[in-house]
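Asker: Attaching a single structure in structure tokens format; questions to follow.
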Amino acid sequence: AATIASTEIGLLLRDDVFVDFFNTFLSLPVFGQTPIYISGTGQWDLWPELPSHWDPSPTALLAWLEKHRLPHFCKSSLCLHLVLCQKLLAFIRSGEAAKLLNWQSADQWLLERCISGSQGMRHFRAFVQGTAGGELTDFWLTTERLLGLDESDVSQRDLYLSLIHRLKATHLREGSSVITLCTTIAGSLPKAKHIQSISNRRDILRNMQEQVLFMIRSYWLPKFFTHCKMGIEEEESCQPLLQEYQERLLQTGQQEPSGSSDTRPPMHIKRGRGLSGPYCSWKAKAKMWALVKAGRGTQGLKMPSFHVKLERQPGSAESTRESRRDKDALGPISQQTEYPANTAFGGKGGVIPPRRPRPSAEQVIHLENPCKEKVLSNLPSSGPLVQLPSLKEPVKTLSFLHWALSAETCAGRPFRAFLKHQERSVETHLLDLWHDLEEFLPVVLDSRRENSFFLRHLNGDKICKTYLEEDSTEKLPLKTRTLTGLWNRLIFGEFSPWIFRAQKEICKVLCCFYEEFLADDDRTFLQFMSPGNDASVPEKQGHTADRGECFLLSQRINQTLRLSQALHGTRNLEGVSSEYWQLLAARDLQQGGSTQAE
């Protein structure tokens, strides 16, 4: 990540794999301006667009991206997956892999095609989930994040120690796959409290990470390759890909890896069209959100409630009494909660396993999506766009703030950086609580997750000590009943319906600050893009996206949010299905890659 941060962005954009991950990041709906780069044509598409009479400079756009997007990307989980993907690709392309695994150039080409990009890494992680390979991959990613921190920096110290505690509670405990693999060096790992042993700890973790990477490359990557070949052979939409692979097998000589060509079309920005209006990314988001809600209602599709099975300690009468008090205080969650946890914009609840037993009536909580209707991503793509109605009712920031904050979790926390810069300590503390609750939910709601028992107790205890103890509650402008409801459950590592109430109260406090964040992002973007254009119209916008464009934009944004949540861990990876093979057949890294495949 440090290497990426220090590299000139024009050079980074020569790598199609980087472009794929970066496009996924840029499309997350926490930001104001949401561009996408098509490397095959050299074209940047902006949303919202600039005025049609402007002649925006690609150089200015790259300077803006390098200063105001790339630093956040380097802090995101997408960047960690990019680094791992690059290391796996380097191994696949190497002579060592060909010799060790007896791979031909066609095998290397196919495996590179399968694992490249953010969709490829999601496929790989879905394949190894629930196995020792999944635990090794998670350890590598967590360790990579930890080793990239400066523990002497006060602003990074809490995160550093938090990751150390996470590793100790999961991958560094006796019996874990990581310890089994690295027994020879793990025994000397110092305790997290021994801060004077930081350099020794770093060396040990780095050595363990190298051993884990070797096992991933030499054992799990070949298994993934076998899995991919079998899946491609069975999927009808992958037959052209299979045919090309078979043709390459018959050829001799090393094939040039995809994405390595230096010939690139000149970079340019798609010109805006003629409609005028104030440049305002908030209004663009609000219009699209309103259109999506109205479109869902027109289609007549409703999102069914989903069930959450609450885990109880056997024979806990107190737990039952707490449940009744929660139920009496909150009422039916389906009527009061507008913001579901772990739901991508237009997606299903991300924390619910695909197969689950029906819980008893007292343990069913009905959760609905933000607008209480079926989400856009599940509409058939062939649906006639002309059925989408015009916009009538104004949209408030509160209606889509949960959507934006869910994306911020995966985007390197740009909104948090804005609040810190504005010296909004209380609001920053609230936002941290929102994110910690968001990351607690998938762990506590899906007991099948790796190390879920240890993580839910670790995370619940952290939330209580950081935000809910007596000396901390005065900093939080939340209702006392909400704070008490959280404490009574989270201290035992249990699910609490008060989490949704707390997140909603936090969103109400943060609404106006998020609007300021978007306005600031707009001002900065226009400052970079306006030199050389008519300075008298710096706030005139070009084309306002029509209904069909809004549909496609929402599909792209929804796809990237779901994908980013799956890689970050706030959404289930789900099992490998035919969808993966269809996406693989459609994916072209030079034509939008993972963000355009679906």
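Under full-length UniProt numbering, the sequence shown is numbered contiguously, ending at residue 598. Glycine included, each C-beta is placed from N, C-alpha and C at the ideal position. Note that the coordinates shown come from a computational prediction; the quantities given were computed from them, not determined experimentally.
If I follow the unbroken alpha helix (DSSP H) through Y37, where does it start and stop?
Answerer: Not the alpha helix (DSSP H): Y37 falls in the beta strand (DSSP E), residues 36-38.
Asker: Within 10 Å of its beta-carbon, does G95 have 16 or more other beta-carbons around it, so buried, or fewer, so exposed?
Answerer: G95 comes out exposed.
Asker: State buried or exposed for V17, treating a residue as buried only when at least 16 other CB atoms are found within 10 Å of its CB.
Answerer: Buried: at least 16 other Cβ atoms inside 10 Å.
Asker: Quick one, which of Y37, F91, A2, F551 has its alpha-carbon nearest L80's?
Answerer: Out of Y37, F91, A2, F551, A2 has the C-alpha closest to the C-alpha of L80.
Asker: Quick one: what does DSSP say Q43 is sitting in, helix, strand or coil?
Answerer: The answer is strand: DSSP assigns Q43 an E or B state.
Asker: M529 to T595, Cα distance in whole Å?
Answerer: Near 25 Å, if we compare the C-alpha coordinates of T595 and M529.
Asker: Which residue from P414, R416, R217 puts its Cα closest to that of G134?
Answerer: Measuring from the Cα of G134, the nearest candidate turns out to be R217.
Asker: Quick one: using the 10 Å Cβ neighbour count with 16 as the cut-off for buried, is H435 buried or exposed?
Answerer: Result: buried.
Asker: Tell me the DSSP secondary structure of P278 in three-state form.
Answerer: Strand.
Asker: Mind checking which residues open and close the alpha helix (DSSP H) that includes I115?
Answerer: Per DSSP, I115 belongs to the alpha helix (DSSP H) from 105-115.
Asker: Could you give the distance in angstroms between the alpha-carbon of F517 and the alpha-carbon of L510?
Answerer: So the alpha carbons of these two residues sit roughly 10 Å apart.
Asker: Considering only their Cβ atoms, is the gap separating T409 from E450 smaller than 9 Å?
Answerer: It is not a contact, given that the beta carbons lie outside the stated cut-off.
Asker: Whole-angstrom Cβ separation of P442 and G569, contact assumed at under 8 Å?
Answerer: The pair is a contact, with the Cβ atoms about 7 Å apart (cut-off 8 Å).
Asker: Please determine, among K283, Q555, F500, the residue with the shortest C-alpha to C-alpha distance to E515.
Answerer: Of the listed residues, the one whose Cα sits closest to E515 is K283.
Asker: Excluding sequence positions up to five away, which residues of its chain have a Cβ less than 6 Å from the Cβ of H171?
Answerer: Answer for H171: F139, V178, listed in chain order.
Asker: So, for M288: in the same chain, excluding its five sequence neighbours on each side, which residues have a beta-carbon less than 8 Å away from its beta-carbon?
Answerer: A545, C550, L553, S554.
Asker: Check for me: the alpha helix (DSSP H) holding A520 runs from which residue to which?
Answerer: Looking at the sequence provided, one finds Asp at residue 520 rather than Ala. 498-529 is the span of the alpha helix (DSSP H), which, as asked, contains D520.
Asker: Apart from the five residues just before and just after I463, which ones in its own chain have a Cβ nearer than 6 Å to its Cβ?
Answerer: D436, L490.
Asker: Among the candidates L445, V444, S425, I506, whose CA atom is the shortest distance from the CA of Q398?
Answerer: Before going on, a small fix: residue 398 reads as Leu here, not Gln. Cα-wise, what sits closest to L398 is I506.
Asker: To the nearest angstrom, report how far apart I4 and C74 are at their CA atoms.
Answerer: Looking at the two C-alpha atoms, the distance is approximately 7 Å.
Asker: Here's the rule I'm using: 16 or more other beta-carbon atoms within 10 Å means buried, otherwise exposed. How should C238 be labelled?
Answerer: With 16 or more other Cβ atoms within 10 Å, it is buried.
Asker: Pick helix, strand or coil for I491, following the three-state DSSP scheme.
Answerer: If DSSP states are grouped into helix, strand and coil, I491 belongs with coil.
Asker: Tell me the rounded alpha-carbon separation between V212 and S57.
Answerer: Taking the straight line from one Cα to the other gives about 44 Å.
Asker: Taking the straight line between their C-alpha atoms, what separation do you get for Q541 and K67?
Answerer: Its pLDDT being 45, under 50, Q541 is placed unreliably by the model, and nothing is read from it.
Asker: Just reading off the alpha helix (DSSP H) that F25 is part of, what are its end residues?
Answerer: 16-26 is the span of the alpha helix (DSSP H), which, as asked, contains F25.
Asker: Cβ of S77 within 9 Å of Cβ of R145?
Answerer: Yes, Cβ-Cβ distance for S77 and R145 is below 9 Å.
Asker: Taking the DSSP output, what are the residues bridged to I269?
Answerer: For I269, which the question treats as bridged, DSSP gives the partners W44.
Asker: Can you tell which of A97, L82, Y160, G493 has the C-alpha that lies nearest to the C-alpha of Y219?
Answerer: Of the candidates A97, L82, Y160, G493, the one whose C-alpha sits nearest the C-alpha of Y219 is A97.
Asker: Below 8 Å CB to CB, which residues in the same chain sit around T524 once its five sequence neighbours on both sides are set aside?
Answerer: Closer than 8 Å at Cβ, skipping near neighbours: W64, H68.
Asker: What first and last residue would you give for the alpha helix (DSSP H) that runs through C228?
Answerer: Element bounds for C228: 221-234.
Asker: So, helix, strand or coil for L149, using DSSP?
Answerer: Of the three classes helix, strand and coil, the one that applies to L149 here is coil, per DSSP.
Asker: Output the boundary residues of the alpha helix (DSSP H) element that contains I92.
Answerer: From DSSP, the alpha helix (DSSP H) with I92 extends over 77-93.
Asker: Who are the near neighbours of K191 in its chain, counting only those whose CB is closer than 6 Å to its CB and skipping five residues on each side?
Answerer: Confidence at K191 is low in this model, with a pLDDT of 48, below 50, so the placement of that residue is unreliable and no value is reported for it.
Asker: Taking the C-alpha atoms as reference points, what is the distance between C182 and H165?
Answerer: C182 and H165: Cα-Cα distance of roughly 19 Å.
Asker: Could you spell out the range, first to last residue, of the alpha helix (DSSP H) harbouring N459?
Answerer: 452-463 is the span of the alpha helix (DSSP H), which, as asked, contains N459.
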